[in-house]
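Residue numbers (this note's numbering): 4 to 294.
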């Protein structure tokens with residue numbers, strides 16, 4: 004039976020307030036309006052950003068909301084004017100939109116599209132500045148323009164990527180955030196060259212993606228830095244060639260890396276979000292004229 008044009012009631016994990024357990028609720032999901040896509044979410048992952056907003060520390064955090072932004076699913080219906088996807092398409096919701104029309108998209112220097120940012124940052128949709136989620140008439144805010152902790156979600160059409168239907172949805176959900184963050188940092192931002200020595204601080208999803216990207220770029224050494232030694236075996240499968248645990252050394256980690264690499268690494272990537280680690284990541288790089 005078609006649900007196109009109808010309100011769908013489904014299950015969603017709702018964050019009613021900061022630092023309180025998510026609650027599985029029956030949520031009403033409105034049909035997509037013009038330029039919008041309603042997606043049946045089949046798989047979603049958990050990113051630290053979800054936990055950060057849930058903690059109440061996110062200045063843009065709004066409650067109640069439906070968190071989640073690493074997911075994959077199938078298009079259920081589309082609103083007026085949507086041409087790039089249609090019902091049945093396999094897709095990944097993208098918290099970072101790409102309209103290909105704004106000055107940021109056209110610049111070739113950044114992927115920080117501005118078309119719907121004013122709405123996604125406010126937890127609503129661009130068309131009417133309202134949410135498509137509600138519980139018994141009470142609006143529930145969107146999160147990062149995706150809200151994938153719901154069986155159905157509504158996103159802007161510039162915030163969805165069509166994928167090969169043969170791709171395993173339980174794996175490619177990670178392409179919604181962590182994996183492209185790491186690969187993009189290596190390939191697009193740093194442009195790591197063959198033979199480079201690379202340091203990766205933090206061996207979570209982003210760090211492993213950085214390692215894999217560095218390996219693909221031909222790095223000669225990929226040094227993984229983490230305080231959890233259990234991560235090294237898995238990291239080796241993603242291209243990490245050496246492991247350093249800061250807890251095993253009395254010296255600052257940046258000095259350890261400088262000593263290990265005859266003056267410093269060529270590229271370092273901080274994949275944690277810790278200011279002191281960012282400083283260490285900068286200071287472990289070798290000196291380059293003009294920088």
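Think of the CB as a built atom: it goes at the ideal place given N, C-alpha and C, for glycine as much as any other residue.
9 Å Cβ cutoff met for residue i and residue j
i, j, result
"residue 179", "residue 116", "no"
"residue 225", "residue 245", "yes"
"residue 39", "residue 81", "yes"
"residue 36", "residue 128", "yes"
"residue 242", "residue 215", "yes"
"residue 248", "residue 228", "yes"
"residue 33", "residue 135", "yes"
"residue 173", "residue 75", "yes"
"residue 50", "residue 29", "no"
"residue 7", "residue 142", "no"
"residue 47", "residue 184", "no"
"residue 284", "residue 257", "yes"
"residue 126", "residue 45", "no"
"residue 255", "residue 223", "no"
Best match in the options for proximity to residue i [C-alpha to C-alpha]
i, options, result
"residue 94", "123, 143, 167", "167"
"residue 239", "5, 213, 158", "213"
"residue 124", "111, 138, 100, 137", "100"
"residue 161", "216, 120, 45", "120"
"residue 60", "22, 89, 34", "22"
"residue 188", "20, 114, 29", "114"
"residue 130", "159, 285, 138", "159"
"residue 9", "17, 165, 31, 26", "31"
"residue 231", "205, 256, 210", "205"
"residue 72", "250, 197, 157", "157"
"residue 138", "280, 265, 18", "18"
"residue 118", "111, 250, 107", "107"
"residue 57", "86, 4, 24", "24"
"residue 149", "272, 52, 273", "52"
"residue 63", "279, 281, 122", "122"
"residue 55", "191, 264, 20", "20"
"residue 210", "278, 280, 273, 263", "273"
Short CB-CB distance (under 9 Å) between residue i and chain B
i, result
"residue 99", "As a matter of chain content, chain B is missing from the structure shown, which is built from one protein chain."
Segment limits, alpha helix (DSSP H) that includes residue i
i, result
"residue 278", "278-286"
"residue 181", "181-187"
"residue 175", "172-175"
"residue 238", "235-239"
"residue 110", "106-110"
Integer-rounded CB distance, given that residue j should sit under 8 Å from residue i
i, j, result
"residue 69", "residue 199", "With 8 Å as the limit, residue 69 and residue 199 do not qualify as a contact, their Cβ atoms being about 41 Å apart."
"residue 193", "residue 270", "5 Å"
"residue 267", "residue 289", "3 Å"
"residue 220", "residue 287", "So it is not a contact: roughly 19 Å between Cβ atoms."
"residue 237", "residue 155", "Actually they are not in contact, since the Cβ atoms of residue 237 and residue 155 sit about 33 Å apart, beyond 8 Å."
"residue 177", "residue 208", "6 Å"
"residue 165", "residue 92", "5 Å"
"residue 195", "residue 170", "That pair is no contact at about 26 Å."
"residue 163", "residue 88", "6 Å"
Residue range of the beta strand (DSSP E) that includes residue i
i, result
"residue 218", "Premise fails: residue 218 lies in the alpha helix (DSSP H), 208-219, not in any beta strand (DSSP E)."
"residue 29", "26-32"
"residue 14", "11-17"
"residue 261", "Looking at the DSSP string, residue 261 is not in any beta strand (DSSP E); the run it does join, the alpha helix (DSSP H), is 256-263."
"residue 1", "Because the chain spans 4 through 294 in this model, residue 1 falls outside it and cannot be assessed."
"residue 80", "73-81"
"residue 2", "Nothing about residue 2 can be reported from this structure: the residues present for the chain run from 4 to 294 only."
"residue 200", "200-204"
"residue 103", "Unbroken run through residue 103: none, as it is neither H nor E."
"residue 45", "39-48"
"residue 164", "163-165"
"residue 94", "93-96"
"residue 246", "245-247"
"residue 159", "155-159"
"residue 66", "It is not in any beta strand (DSSP E) - residue 66 carries neither H nor E in the DSSP assignment."
"residue 5", "First-last for residue 5: undefined, no H or E at that position."
"residue 273", "270-273"
**Q.** beta strand (DSSP E) runs contained entirely in the region 124-152, provided each spans 3 or more residues
**A.** Here the runs fully enclosed are 136-138, 141-143.
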